[in-house]
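Just so you know, we're using this note's numbering here: the sequence shown kicks off at 3 and counts up by one. The beta-carbon is built from N, C-alpha and C at its ideal position, and this holds for glycine as well.
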Amino acid sequence: MTESLPPARPRIPGAGLAKGLAVTLRTMTRKTVTAQYPDVQPELPPRTRGVIGLFEENCTVCMLCARECPDWCIYIDSHKETVPAAVEGGRERSRNVLDRFAIDFALCMYCGICIEVCPFDALFWSPEFEYAETDIHELTHERDRLREWMWTVPAPPALDPAAEEPKELAAARKAADKLAAAAEEATPGEPAPGEEGPA
Numbered sequence: 003m004t005e006s007l008p009p010a011r012p013r014i015p016g017a018g019l020a021k022g023l024a025v026t027l028r029t030m031t032r033k034t035v036t037a038q039y040p041d042v043q044p045e046l047p048p049r050t051r052g053v054i055g056l057f058e059e060n061c062t063v064c065m066l067c068a069r070e071c072p073d074w075c076i077y078i079d080s081h082k083e084t085v086p087a088a089v090e091g092g093r094e095r096s097r098n099v100l101d102r103f104a105i106d107f108a109l110c111m112y113c114g115i116c117i118e119v120c121p122f123d124a125l126f127w128s129p130e131f132e133y134a135e136t137d138i139h140e141l142t143h144e145r146d147r148l149r150e151w152m153w154t155v156p157a158p159p160a161l162d163p164a165a166e167e168p169k170e171l172a173a174a175r176k177a178a179d180k181l182a183a184a185a186e187e188a189t190p191g192e193p194a195p196g197e198e199g200p201a
């Protein structure tokens, strides 16, 4: 058995027009705020996604950023070089050397996946957003231009004073405390562990 719907309210002619005019009148009475953009730079939030900067020294050409990019807008070329042995009798090693690193910002959707997956902190967000070009081919930034964006990357925010100490620092501090304790326990005539005796 179906329930009957409540009776519909009678429609007042021109109610929609009255509502629209009320919104218009309300807006007309408010003070307008105009962003004076070219003359006054906007206040950007600290995590603004403007352009991506490359810190080339940290790049190991692992290709993780290019593989994870959903738009395939990162182009990387590299070659292998042989590094001589560090010690005599050791073996030579090979390493990747970066030849080309480019990002096509005409394709980029600014998702930030490349920055998140980079294990060596080679990519960073810069808040710069004024890099429009008249030619779409100029939006492919090569590694020299990406390096220039690095100088506009803001410093990371300060750590929370109540945050836990990083594990690396805690381990280093623990090792230093052990060495200091061993040095205190050592007799004055004997060298402490890790220290040289008198020559």
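Do you know offhand how far residue i's Cα is from residue j's?
| i | j | result |
| --- | --- | --- |
| R49 | C110 | 18 Å |
| A68 | Y133 | 22 Å |
| V35 | T136 | 30 Å |
| N98 | C61 | 10 Å |
| A178 | E166 | 19 Å |
| R11 | R32 | 34 Å |
| I14 | C113 | 49 Å |
| D162 | E45 | 24 Å |
| R93 | A160 | 43 Å |
Residue i: which of the options sits nearest, CA to CA?
| i | options | result |
| --- | --- | --- |
| A108 | T29, I138 and F126 | I138 |
| T142 | E58, A172, E118 and A104 | A104 |
| P156 | L171, A174 and S128 | S128 |
| R147 | R102, V42, L23 and T84 | R102 |
Using DSSP bridges, identify the partner residues of residue i.
| i | result |
| --- | --- |
| H139 | Beta-bridge pairing links H139 to no other residue. |
| W127 | I54 |
| I76 | I105 |
| R97 | E83 |
Please classify residue i as buried or exposed, where buried requires at least 16 other C-beta atoms within 10 Å of its C-beta.
| i | result |
| --- | --- |
| K96 | Checking the sequence, you will find Ser at residue 96 rather than Lys. That one is exposed. |
| C120 | buried |
| A201 | Residue placement at A201 is poorly supported in this model, since its pLDDT is 48, which falls under 50; the coordinates still yield a value, given next. A201 should be labelled exposed. |
| I54 | buried |
| A124 | buried |
Assuming residue i contacts residue j (C-beta within less than 8 Å), just tell me the rounded distance between them.
| i | j | result |
| --- | --- | --- |
| C75 | I115 | That belief does not hold up - the Cβ atoms of C75 and I115 are roughly 11 Å apart, past 8 Å. |
| T202 | E130 | This structure cannot speak to residue 202, because the chain is shown only from 3 to 201. |
| M152 | F122 | 14 Å between Cβ atoms; not a contact. |
Report yes or no: is there a C-beta of chain D within less than 9 Å of the C-beta of residue i?
| i | result |
| --- | --- |
| H81 | You won't find chain D in this structure, because it holds only one protein chain. |
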